[in-house]
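Contents: one structure, followed by commentary.
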Amino acid sequence: MSLAVRAHALHTAPKMGKTSPPNRDWTQIYAIYGMDQWHTLLFLLFNAFLFSLLSVLFLLYFDPFCSFLEWAFPLLFAAGGGAARFAAGFTGCVAALSSVCLFVAAGNFFYSSVALQHEMAQRIVGHVNDWSSVKLALDIGCGRGILLNSVATQLKKTGSSGRVVGLDRSKRTTLSTLRTANMEGVGEYVTCREGDVRSLPFGDNYFDVVVSAVFLHTVGKEYGHRTVEAAAERMRVLGEMVRVLKPGGMGVVWDLVHVPEYVRRLQELKMEDIRVSERVTAFMVSSHIVSFRKPSQQPIPGMGEHRS
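The following block contains the structure:
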């Protein structure tokens, strides 16, 4: 099924819970969480400056470059003709446009990694109407903890005695995430675990809420994002998410590119209230939030027994 369900979802989505995101700018968020994949940002900026320099050089030394083309490729560029000037001008324009595109990509990457992730975390939290009744929540692929700590903050605001568990594949990441939770003042609401997201180390029907942010698309990347094997791995994680969710519990996933796959799989698993948000550009590609509810009584087909 395509994202045709989106229009219906936008008009019928229930009123979200009270989130009232804190008034914070990106510098505060960056100071606490830093940024993932900073080397990608540096790569984009380096190439942007390189192409900017090339375009300036083409502008400053346009005539000498035309003469060089006529000398180096006499058969292609006859002396005194306009072909060399066209080639030089075209190359300079391509360099200038490339630098602009790379600067835009770098800006979007930085925005998506810091400010947008915080904003989307608030939206994800808003899909749950009553956090005061939530006893256990799970953040799959918690990473730096932006979403994890947003959930913990909401639990704290509502006076809940619940806790949120952050699961990540790296022990080093989970230790860093605990530090950010303490910096946010929600350390008592947060637990972090290292574990395999493809076989969650929790029993069936364990969590009231399961969330995930820009993580599922990374599962199975060793096979290549577009391969059947990678898709099967992503569906496996989605099935695990459903397995550990309590009947009547809420699942919310924000991810890139593969959202139609998730919608189809959730429909196969007989989930209720499947809703897809409007398109949000993140990391230069389309992203959506998918929310769903596990049926209160109906058994879920294909769910295996707990694997410890």
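Just so we're aligned, residue 1 is where the sequence shown starts under UniProt numbering, counting upward by one.
Beta carbons are placed, not taken as given, at the ideal position from N, Cα and C, and that holds for glycine.
A quick note: this is a predicted structure, and the numbers were derived from the prediction, not measured.
Between the C-alpha atoms of Lys-157 and Leu-136, what's the straight-line distance to the nearest angstrom?
-> 15 angstroms
Evaluate contact between the segment 170-177 and the segment 211-221, counting only Cβ atoms and requiring at least three cross-stretch pairs below 8 angstroms.
-> no
Candidates Val-285, Lys-246, Cys-192, Ser-286: which alpha carbon is nearest Phe-292's?
-> Lys-246
Does the segment 232-248 come within contact of the segment 173-193, defined as at least 3 CB pairs closer than 8 angstroms?
-> no
Between the beta-carbon of Leu-45 and the beta-carbon of Ala-121, is there less than 8 angstroms?
-> no
From the DSSP output, which residues share a beta bridge with Trp-254?
-> Ala-213, Ile-289
Just reading off the beta strand (DSSP E) that Gly-166 is part of, what are its end residues?
-> 163-168
Inter-residue spacing [alpha-carbon to alpha-carbon] between Gly-159 and Ser-277 | 28 angstroms
Lys-279 versus Asp-255 - alpha carbon distance = In the sequence as displayed, the identity of residue 279 is Arg instead of Lys. Roughly 11 angstroms between the two C-alpha positions.
Length of the line joining the Cα atoms of Gln-297 and Met-250 = 14 angstroms
Opposite Cys-192 in the DSSP bridges: which residues?
-> Gly-166
Could you tell me the distance, in whole angstroms, from the CA atom of Val-164 to the CA atom of Pro-295?
-> 22 angstroms
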